[in-house]
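Colleague:
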Amino acid sequence: MALHPLTTTRALHDSYIRYLKTIKPFQDDELRREFAESLGRSDALMKGPIVEASPPFLPGASLAQLVAEGVLTSGFSRLCNPELPYERPLHRHQEVTIRKAVGGRNIVVATGTGSGKTETFLIPIFDHLLREEAQGTLSRPGVRALLLYPMNALANDQVKRLRRILANYPSITFGRYVGETEDTEQVARKAFEQNYPEEPDIPNELKSRQKIQAAPPHILLTNYAMLEYLLLRPKDSTLFDGDTGRFWRFLVLDETHVYSGANATEIAMLLRRLQDRVMQGQPRRLQAIATSATLGAGRKDFPDVVRFASDLFNVPFEWDGNDASRQDVVEAARVPVADLGEAWGAGALSFYRQLGEWANTWREMPAEQSSIRQFIAALAELPPVPPAILDKAKQAALRHPTDSLPVFLY
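Per the numbering used here, the very first residue in the sequence shown carries number 43; after that it's consecutive.
(1) Span of the alpha helix (DSSP H) holding Ile309?
(2) Throw me the rounded Cβ distance for the Ser334 and Thr298 pair, which I believe falls under 8 Å.
(3) If Leu108 sits next to Ile149, beta carbons under 8 Å apart, how far is it from one beta carbon to the other, in whole angstroms?
(4) When you compare each of Gln329, Arg327 and Arg349 to Leu337 by their alpha carbons, which one comes out closest?
(5) From Val449 to Ala95, what does the alpha carbon distance come to, in whole angstroms?
(6) For the putative contact between Ile331 and Val294, defined by C-beta atoms under 8 Å, what is the C-beta separation to the nearest angstrom?
(7) Applying the 10 Å Cβ sphere with the 16-neighbour rule, what's the burial state of Gln125?
(8) Would you grab the beta carbon distance between Leu81 and Ser104 for me? Rounded to a whole angstrom, and I think it's under 8 Å.
(9) What did DSSP end up calling Val379 once you bin it into helix, strand or coil?
(10) How long is the line joining the alpha carbons of Phe118 and Phe289, rounded to whole angstroms?
(11) Assuming Phe292 and Arg186 form a contact by the criterion Cβ under 8 Å, report the distance between their Cβ atoms to the nearest whole angstrom.
(12) Identify, in the order they occur along the chain, each residue of the same chain with its Cβ nearer than 7 Å to the Cβ of Arg319, setting aside the five sequence neighbours on each side.
(13) To which residues does DSSP link Trp361 through a beta bridge?
(14) Counting only the same chain and skipping the five closest in sequence on each side, list residues whose C-beta sits under 8 Å from that of Glu222.
(15) For Pro428, count neighbouring C-beta atoms within 10 Å of its own C-beta (all shown protein chains included) and say buried if the count is 16 or more, exposed if not.
(16) If we call anything under 8 Å between Cβ atoms a contact, is Val144 one with Leu114?
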């Protein structure tokens, strides 16, 4: 479900009010009443919501086009599903990153939240795995890609995404190895059923330490604290050593901006220990991909960004402002405002207030009365919305019937 700006703002506000009332239990009735009234004053605790309208990202090639061009393997036609569409255009920055990564470059993806950074490293990883499958080596267990996260919550979100993408492609395996990962398969399966009753249980997700140690997955997800333990414990040596430890190819750090100061030094040393363990005398064997929504403040900072990435990963990153082939930092590109079409409306405050009143009224109506068509009809009474915009709003609303109010209308 899409995020509803008004509902989310109200929920945050109400939750904060309840918290403050709980920690300040005045015994005096008058003081309690005045405190509650002061909290209820408009803008007393929260401003907004403030909604920023950003132009769409520039479109790029689709996976199908990259396959036809020979950039990606034809195996994507079998792998892709609605979670990873084959024909839908990628964002331009996704296409650029994929081309560079498939070409063997170490990359920093410095694009904003919601820009599709996940695809920029998953697609090159999938390409490598699909090529291995075509060569007949994918059936051999062993880590090919390590996805390193600063928090378990981020790793959990990525696992959910992998379940949806790989639900019908059992030959690619993945596993999350963190502190809460259960030791035995029986306990892990029971915990999965209790914690994720709505999630698909697929055979290529390795859920227990026992399974991961016995046959390391192609894609391993963990956090840096757990990686420290994995490198030390003999029972986890199959991840790095021997026949199952010789396939390492990708090292991905998500939210790279969180690694600063002493923490960055510790992570840099940890990654060097990992590289010494798995490179097996091949200095360029590991390919590094870093993602961050806030690393650097534009192209002027990219020389510093590549120095930081080179020091962190101990592999070369480049930035040459005059040579696109030597630019290892990828930024997002958006459609110029001038290309978005003719603007309509003067942005009057009264219009947005009236729109907000209509939205709230519609949201609070009984379900049988709050049809999308009724809301669109009511919206049509608000000048100066052009008919074409109303039609787009209606179509967007009909595509998202489970949303109380589609974000498109904002």
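Every residue gets a Cβ at the ideal spot worked out from N, C-alpha and C, and that includes glycine. Every value quoted in this text rests on a predicted model; they were computed, and no experiment measured them.
Modeller: If we stick to the structure as given:
(1) Its alpha helix (DSSP H) spans residues Gly303 to Val320.
(2) Their Cβ separation, rounded to whole angstroms, is 4 Å, which keeps Ser334 and Thr298 in contact under 8 Å.
(3) The Cβ separation is near 16 Å, so there is no contact.
(4) It is Arg349.
(5) Legend: pLDDT at Val449 = 44, less than 50; position of this residue unreliable, value from coordinates given subsequently. Spanning the alpha carbons of Val449 and Ala95 requires a straight line of approximately 11 Å.
(6) Right, their Cβ atoms sit about 5 Å apart.
(7) In the sequence under discussion, the amino acid at residue 125 is Glu, which differs from the Gln named in the question. Under the 10 Å beta carbon count, Glu125 is surrounded by fewer than 16 other beta carbons and is classified as exposed.
(8) Going by Cβ atoms, the distance from Leu81 to Ser104 rounds to 51 Å, so no, they are not a contact pair.
(9) Of the three classes helix, strand and coil, the one that applies to Val379 here is helix, per DSSP.
(10) Separation of Phe118 and Phe289 (C-alpha to C-alpha, rounded to the nearest whole angstrom) is 21 Å.
(11) Cβ-Cβ separation between Phe292 and Arg186: approximately 7 Å, consistent with a contact (criterion under 8 Å).
(12) Leu273 and Phe282, listed in sequence order.
(13) Its beta-bridge partners are Gln369.
(14) Contacts found: Asn194.
(15) Residue burial annotation: Pro428 is exposed, with fewer than 16 other C-beta atoms found within 10 angstroms of its C-beta.
(16) A contact, by the Cβ cut-off of 8 Å.
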